[in-house]
Amino acid sequence: MSNAFFDQVEALTEAGLLRRLSGAFARFIASVGDDGPQLMAACVLLSELEGRGHSCLMLSELNADPAALLGWSGDEWRELRASVGDWPADTAAWRALLAGCAQIWPAGSPDLNQPLVLDGERLYLRRYWQDETHVAGAVRGRALDRVMAADEEAATDDIRRWLDILFPHAPRGGGVDWQKVACAVAVRGKLGIITGGPGTGKTYTVARLLALLFATAGGRQDGLRVALAAPTGKAAARLKQSIDTALDELAVKVGSALPLRELAARMGAARTLHSLLGARPDTRAFQHHAGNQLDVDVLIVDEASMIHLEMMSALLAALPNKATLILLGDKDQLASVEAGAVLGDLCHKAEAGEYRAETLSYVHASTGQQIPEGFEGRGGPIAQQTVMLRESRRFGGPIGALALAVNAGDGASAVDVLREAQDNKVSWTDLAQSSDLLQLALAGRPGAEGGYRQYLQLIKNTPAEVDEIVQLAWVKSVLQAFESFRILCAVREGEWGVSGLNDAIEQRLQAAGLLKRTGEWYIGRPVMVTRNDYATGVFNGDIGLTLPDPARPGALRVYFSEGDNVRSVLATRLRNVETAFAMTVHKSQGSEFRHTAMVLPKDSGGMLARELIYTGITRARDYFTLLTPNGQVLLDAIAQRTQRASGLRNLLNT
């Protein structure tokens, strides 16, 4: 094979347009076969797209706009094609060429265990094809598996009786009580998917679903094994805290008819998915799998939009067929960093409903709710087990209006909200220089004061006595103050990215006398864990604060908040961490801050989309600040929707 192609790949890699891994993968494929440069080009692009969250390469994209595929310029795309030579003219030509390559298995033909799979007009790395096929089959099977008793009418009447107790009031303004509907739909099958934006009551709903599951379990309620999980430690802690609070309130309403407090106490703590499955160091394999499944009857997973394809496949393999899986998440948030957009694929008909006649009939019988016209249809089995919550009880006002405008792709309305808000709930700052942002990091802004000064001033009041109760209360107050404000970035690199801003903020806080850096570790340093560490029990995405160790003068510990609990690790034991005054929007998922400030870069390169903007906005509880050196980047991002190549939606027949 001519070196022209790989020379061009190397040039694109040096220019930062390709990962080095993508070229290495193509070279590996070239080393084990004599297929031509067309396959090598497909391999480079497939690997690159996998690194950007796609599970496959759509052959139609190979002759499409390069900016839509990778964000390259026309010149870069033309030079790559020229280095290949004979570029197939259309999708059919690509399929014919690839189907004849020795390193590709055309799905349905005799399988020789090739590393690549061609399925229809999609090219996969084999393991992603396997994961996608497994997820589709497992989810469809659960959606079709009804758990109603032999006497379905009596079971439905029992569900109706309990739902009327758990939801005694009609929704504000009338209309459908979608939370009540979600509980009824989830309890009749082995799969329930509840999606909705912030404040729509997903955990409020699932707490009532849990009560319903306990109530209808009959003599099994004492032994009903329930597990709670989420992709990150913080999201898991929030899930447990929210459910415990809701169940405690419900216990008063249902009284002795259902011992909710005792039943809830048996659930135990919520766990990360890695912890639940038994992740092991130095391997992608888990302790729990198809041959050693989880010992659960009900598994509730929050923040499901963050679950990537490989993790969802592992989770479904480890879940017994008899168990019920409940997925909670916001379908409009950013998808996982790794390949796949599983929740988005599962929920792509959620807004329309697409409920069949039998589902509508069951919902009416079990809830008394009449789903209005417009939500009926011929949706597949997944749609029948999916309910979208539509009323936000938290996001009114300008933050909610801004999130809605962004989600709708309405840039003009989003700008109007940002420019015209009168109550300081939202603000837009055109950054002329970084000093504006650094002042915000230091002390907040008018109407939303605070910034990082607040927690750093609390640190100066370290308790003098080594009293465990006093020390714990102080640590909690510092962590709470730190969690009240956060700067989120759309990108990692550059002046307006995580790496540049963390250094700049650190220097500004040091100049203000609020912290004193004497080495890598210093009092007040916020850190994010960047790699799972099973020895210390911290996981990728966990955020902690560095504070003095009360038991060892001069030593430092990193404290992590887990709901009402706090745990700590000696700073010197944490190897894979980075400073976290600023973090990416991706890493902020599952978190919520009183004041969220989001920074966009000067140039998006066509790689930012509305899901990122929406996710950043919806991390804010009370105040949101947007900072942009170039306002056009905001409008460009709102106009662009993330489209991840995947075959899962077709396989699901939702």
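So in the numbering used here, spot 572 of the sequence shown is number 837, and the numbers just go up one at a time.
Virtual Cβ for every residue (Gly too), placed ideally from N, Cα, C.
- A residue is called buried when at least 16 other Cβ atoms come within 10 angstroms of its Cβ; Glu575 meets this threshold and is buried.
- Collapsing the DSSP output to three states places Asp695 in a strand.
- With fewer than three CB-CB distances shorter than 8 Å, the stretch 853-862 does not count as touching the stretch 776-796.
- The stretch 443-462 makes contact with the stretch 591-598: 3 or more CB pairs, one atom from each, lie closer than 8 Å.
- Cβ neighbours of Arg526 within its own chain (closer than 6 Å, five residues either side excluded): Ala516.
- DSSP lists Tyr620 as the bridge partner or partners of Glu641.
- At least 7 Å separates the beta-carbon of Leu456 from that of Arg531.
- Around the beta carbon of Ile724, a 10 Å sphere encloses 16 or more other beta carbons of the protein chains shown; the residue is thus reported as buried.
- Burial is judged here by how many other beta carbons sit within 10 angstroms of a residue's own beta carbon; Arg437 has fewer than 16 and is exposed.
- With a contact defined as Cβ atoms closer than 8 Å, Pro866 and Leu696 miss out at about 10 Å.
- Bounds of the alpha helix (DSSP H) holding Leu683 are 676-685.
- Restricting attention to Ile752, Asn918, Gly765, the CA atom closest to the CA of His613 is found in Asn918.
- Rounded to whole angstroms, the Cβ separation of Arg757 and Leu703 is 19 Å, and the two are not in contact under 8 Å.
- Thr510 counts as exposed, since fewer than 16 other beta carbons sit within 10 angstroms of its beta carbon.
- Check the Cα spacing between Leu559 and each of Ala588, Gln650, Val400, Asp330: the tightest is with Ala588.
- Using a Cβ-Cβ distance cut-off of 8 Å, the stretch 466-481 and the stretch 827-836 are not in contact, since fewer than three pairs of beta carbons, one from each stretch, lie closer than that value.
- With a cutoff of 7 Å on beta-carbon distance, Ala472 and Lys505 are scored as not near each other.
- Classified as exposed, Phe293 has fewer than 16 neighbouring CB atoms from the shown chains inside 10 Å of its CB.
- Counting of Cβ neighbours within 10 angstroms places His434 among the exposed residues, the total staying below 16.
- For Glu656, the secondary structure class from DSSP, reduced to helix, strand or coil, is coil.
- Every alpha helix (DSSP H) stretch that sits fully inside the stretch 805-860 and reaches 4 residues is listed by chain position as 850-853.
- By the C-beta density criterion, Gln908 is exposed, having fewer than 16 other C-beta atoms within 10 angstroms.
- The C-beta distance from Ser853 to Arg751 rounds to 7 Å, short enough to meet the 8 Å contact threshold.
- Counting along the chain, Asp887 sits inside no alpha helix (DSSP H); it lies in the beta strand (DSSP E) bounded by residues 885-893.
- Minimum Cα-Cα distance from Gly498 among the listed residues Leu538, Pro585, Ala738 corresponds to Leu538.
- Our two residues, Leu409 and Thr470, have alpha carbons roughly 22 Å apart in a direct line.
- Sorting Leu381, Leu523, Leu363 by C-alpha distance to the C-alpha of Arg391 places Leu381 at the top.
- Comparing C-alpha distances from Gln368 to each of Ala361, Asn378, Ser374 shows the shortest one belongs to Asn378.
- Per DSSP, the beta bridge partners of Ala495 are Thr537.
- Put simply, the stretch 613-624 touches the stretch 633-644. At least three CB pairs are less than 8 Å apart.
- 7 Å or more divides the Cβ of Leu383 from the Cβ of Leu322.
- Considering only His399, Gly609, Ser570, Gly605, the residue with the shortest C-alpha distance to Ala555 is His399.
- Judged by their CB atoms, Leu683 and Val691 are nearer to each other than the 7 Å cut-off.
- As for any alpha helix (DSSP H) of minimum length 4 sitting wholly inside the stretch 524-594, the runs are 525-530, 538-542, 574-583, ordered along the chain.
- Contact between the stretch 761-780 and the stretch 739-751 is absent, with fewer than three C-beta pairs closer than 8 Å.
- Between the stretch 837-847 and the stretch 791-804, the count of Cβ pairs shorter than 8 Å is three or higher; the stretches touch.
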